[in-house]
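S.K.: Terminal number for the sequence shown in the UniProt record's numbering: 175, no gaps in between.
Note that the Cβ used here is the ideal one computed from N, Cα and C, for glycine as well.
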Amino acid sequence: MTRGFYIGRFQPYHQGHHRVVADIAEEVDELVVGIGSADQSHSVRNPFTGGERIMMITKALADLDLVTYAVPLEDINRNAVWVSHVRSMSPNFDVAYSNNPLVVRLFEEAGIEVRGSPMFDREVLRGTEIRERMIAGDDWTELVPDAVENVVSEVDGVERIRQVSDTDVEATPND
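#1: Got a sec, what are the start and stop residues for the beta strand (DSSP E) Thr128 sits in?
#2: Going by beta-carbon coordinates alone, are Ala96 and Val114 separated by less than 7 Å?
#3: Which residue wins for smallest C-alpha separation from Ile58, given the options Arg45, Glu159, His17, Arg131?
#4: Buried or exposed for Ala60, please, with buried defined as at least 16 other CB atoms from any protein chain shown within 10 angstroms of its CB.
#5: What are the residues that DSSP puts in a beta bridge with Leu73?
#6: Give me the DSSP bridge partner(s) of Phe5.
#7: Between which two residues does the alpha helix (DSSP H) harbouring Arg122 extend?
#8: Bridge partners for Glu113 per DSSP, in chain order?
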């Protein structure tokens with residue numbers, strides 16, 4: 001049996017992530033989905049809580065024929081011990097999937113096999129694009145699985161990100 005590990009912030013989990021997981025599912029029997037920055041929420045960059053992201057991922061992956069474990073990982077800001085932190089918070093895994101050069105380096109230094117994960121339509125399928133569309137009132141729902149749209153609706157996520165993106169500084173005529 002092979003268990004993989006795939007990490008992201010998933011702010012929110014989107015169709016690009018979903019396609020990556022579907023590809024990884026062809027190579028592993030089980031997958032640990034590490035939810036990075038799980039301690040961050042209620043900001044433009046990280047609007048959703050760790051628990052909300054667990055809901056998004058769990059519901060979105062329910063239809064895949066793959067055993068998955070969603071594991072929240074808080075930021076520790078100490079790269080030298082980050083892999084140990086990840087290992088302490090998740091089930092054992094045999095291979096990690098990432099394209100992030102720092103993540104790849106840290107896993108390789110720890111002796112863990114790392115495989116690149118494909119990227120799909122990266123100009124559109126990225127969290128920043130989805131969050132910007134939410135703030136602007138543009139269509140974002142086509143970029144996420146239906147289950148994620150439902151979770152965002154349940155937690156009033158669009159209104160949250162719009163509210164936290166507002167500024168309390170009044171504009172002046174010289175701005």
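M.R.: Short version:
#1: Thr128 -> not in any beta strand (DSSP E); alpha helix (DSSP H) instead, spanning 127–136.
#2: yes
#3: The sequence shown places Thr at residue 58, not Ile. Of Arg45, Glu159, His17, Arg131, the smallest CA-CA separation from Thr58 is found for His17.
#4: Looking at its Cβ environment, which holds 16 or more other Cβ atoms inside 10 Å, Ala60 is buried.
#5: Leu73 pairs with nothing; no bridge assigned.
#6: Val32, Ala96
#7: Careful: Arg122 lies outside any alpha helix (DSSP H) and carries neither H nor E.
#8: Glu113 pairs with Val95.
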